[in-house]
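Sequential numbering from 6 applies to the sequence shown in this note's numbering. The beta-carbon is built from N, C-alpha and C at its ideal position, and this holds for glycine as well. Note that the coordinates shown come from a computational prediction; the quantities given were computed from them, not determined experimentally. Remarks on the structure that follows.
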Amino acid sequence: NSRDPLGLPWRWTNYGPGWGASDHFPVLATFRVGGEASSSGEALPKTSLPQKEAVKVGFDQIDRSKLRSASVLKDASSEELAKAMGEYFMVEGTMSKIRPLEIDVDGKPYSLHSYDKNLKDAIRVMAKGSQVKFVGELGLYKGKLQFVIRDPSWIK
6 NSRDPLGLPW RWTNYGPGWG ASDHFPVLAT FRVGGEASSS GEALPKTSLP QKEAVKVGFD
66 QIDRSKLRSA SVLKDASSEE LAKAMGEYFM VEGTMSKIRP LEIDVDGKPY SLHSYDKNLK
126 DAIRVMAKGS QVKFVGELGL YKGKLQFVIR DPSWIK
């Protein structure tokens, strides 16, 4: 249920025939701390401690040489695109719009997005018509294919 290169869960998509699995871990789990099983559901004091810092996913550790080129998506069927959702690609194309962000890869338009506002602002500085190369995660937003840039190292 995980995808290389970072071992993150497959994401579900309704694109084309649909594909993938939920990105959630089990919703219900039962744990026992020593002794006999109890169905009382009592809360134990200090059952967990807060994390000192956020867990690092390792987006900056991706080996670009092992990624497929986004140009393979040009003639892909809807089933192939559905299976590629969440996959990281080397994206090379022309910035076709700045607001909203859009890139043209081999004649096919894709939206661009980043959840990091500073990173999105850095992308907006790129001139319309300029050639760009970056790592992008294929996704879908409002029925339109997009590449999500998750880390500043992806546009270097």
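Item, Value
"Out of Lys149, Ile108, Ser116, point me to the one whose CA is closest to alanine 132's CA.", "Ile108"
"Pull up the distance between the alpha-carbon of leucine 78 and that of glutamate 58, whole angstroms please.", "37 Å"
"Rounding to the nearest angstrom, what Cα-Cα distance links glycine 144 and serine 82 in this structure?", "15 Å"
"Determine the contact status of alanine 127 and methionine 95, defining contact as a CB-CB distance below 8 Å.", "no"
"Note down the Cα distance separating tyrosine 115 from aspartate 80, rounded to an integer number of angstroms.", "14 Å"
"Report all residues from its chain with a CB closer than 8 Å to the CB of serine 119; omit the five preceding and five following residues, and keep chain order.", "Lys125, Ile128, Val153, Ile154, Arg155"
"Report yes if the CB atom of threonine 99 is closer than 8 Å to the CB atom of glycine 134, and no otherwise.", "yes"
"Work out the CA separation of leucine 106 and glycine 148 for me, nearest whole Å.", "16 Å"
"Does the Cβ of leucine 11 have 16 or more other Cβ atoms within 10 Å, making it buried, or fewer, making it exposed?", "exposed"
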